[in-house]
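The structure under discussion appears below in the form of structure tokens.
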Amino acid sequence: MAKPFFASILTLALFLCPVYRTQFIESTPLLQDANQTPTAISKNSEGYPQGCRLYQNRKLLQCRNSGILAIPELNENWNVKTVNLERNNITTITEESILELRHIHLLSIGGNPFHCDCKLKWLRERLLGSDNRFPYVRHIQDLKCATPTSLQGRTLVTLSEEVLCGNKPEDSLLRPTTPVHEKDEEKLVNSTAEAKLLEARQKAMEKGRVAEIIGVTLAFAAIIVVMSVAFIVM
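Residues -21 to -1, 1 to 213 (mature numbering (1 follows the signal peptide of the UniProt record, and there is no 0)) make up the sequence shown, in order.
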């Protein structure tokens, strides 16, 4: 009688928490393969970028510190949702390479020696806009310039378009009475404020996520207590 009761309680718990239903099924040790661990690396590494490791049950492709020079091509059949490309040798990123990762949820590219020029204008606009999703680029404060020397150490999202792309000749004709350096400073302040706001939103989302997980954990704990009491009564 205890087993049917346990199954009913478990079913009810998963029904009441649909957001975590899939995560619970994938992460519960009793429902996983006995040989699979939280850090199990895929045995079939053929086709993966050199230096990368695929953690199947976490759907993570870990390529940190692998000497990668560009965003690698990823096969959708690998069922990867998170890609870590931090601290490699990537100096620039094309918009096409990111669009090819639409099936990825999270992408980490901080700590790379980026060359900040007009080729990264699209990435700056993406990070400061509402299109930073699929994949969602994480830790934007870690996307810093290594070159040119004048921008070394600067955060990409704090740079104005003029700083990235240089001033066009016609711009000076359209704004003859406005000093260029004042405009650069004004846009730098605005971009910095936008970056700070975006970072604050990211931190708030992370805090909310933690609170949500704690709430669900407490709910499951309460269910376990009820199950234990019911089992004792029976």
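Note that beta-carbon positions come from the ideal geometry of N, C-alpha and C, so glycine has one too.
Original post:
Cβ of L40 versus every heavy atom of the ligand MN: is any distance shorter than 8 Å?
Top reply: Ligands displayed in this structure: none; no statement on the ligand MN is therefore possible.
By a C-beta neighbour count over all protein chains shown, 10 Å radius and 16 as the cutoff for buried, is C97 buried or exposed?
Reading the sequence shown from its first residue, position 118 is the one you call residue 97. So C97 ends up on the exposed side.
Exercise. Could you check how far apart the C-beta atoms of H94 and A125 are, in whole angstroms? I think they sit under 8 Å.
Key: On the sequence shown, residue 94 is found 115 positions in, with the first residue counted as 1. On the sequence shown, residue 125 is found 146 positions in, with the first residue counted as 1. Yes, H94 and A125 are in contact; Cβ-Cβ is about 7 Å, under 8 Å.
Close-in-space but distant-in-sequence residues of the same chain around V116 (CB under 7 Å, 5 per side omitted): The residue you call residue 116 lines up with position 137 of the sequence shown. Taken in chain order, the residues that qualify are L86, I88, L106.
Which residues in the same chain as L130 place their Cβ atom closer than 6 Å to its Cβ, once the five residues preceding and following it in sequence are excluded? As a first step, residue 130 must be located in the sequence shown, where it is residue number 151. So the qualifying residues of the chain are C95, C124.
Can the beta-carbon of T70 be found closer than 9 Å to that of L102?
For the purposes of this step, residue 70 is taken as the residue at position 91 of the sequence shown. For the purposes of this step, residue 102 is taken as the residue at position 123 of the sequence shown. Going by beta carbons, T70 and L102 fall outside the 9 Å limit.
| message | Let me confirm a value: N63 is counted as buried when at least 16 other C-beta atoms fall within 10 Å, else exposed. Which label applies? | response | Here residue 63 corresponds to residue number 84 of the sequence shown, with the count starting at 1. Taking a 10 Å sphere around the C-beta of N63, we find 16 or more other C-beta atoms and assign the residue as buried.
query = Just curious, the beta strand (DSSP E) that C124 is in, first and last residue?
reply = Within the sequence shown, the letter at position 145 stands for residue 124. In the DSSP assignment, C124 falls within the beta strand (DSSP E) that extends over 124 to 126.
- Query: What residue range is occupied by the uninterrupted alpha helix (DSSP H) comprising S109?
  - Reply: In the sequence shown, the residue the question calls residue 109 occupies position 130. Careful: S109 lies outside any alpha helix (DSSP H) and carries neither H nor E.
(request) Tell me whether V62 sits in a helix, a strand or coil according to DSSP, three-state version. (result) Residue 62 sits at position 83 when you count from the first residue of the sequence shown. Strand, per DSSP.
Note to self: Suppose contacts are defined by Cβ-Cβ distances below 9 Å. Is N91 in contact with E65 by that definition?
What the structure shows: The count along the sequence shown starts at 1 and reaches residue 91 at position 112. The count along the sequence shown starts at 1 and reaches residue 65 at position 86. Contact check for N91 against E65 passes: the beta carbons are separated by less than 9 Å.
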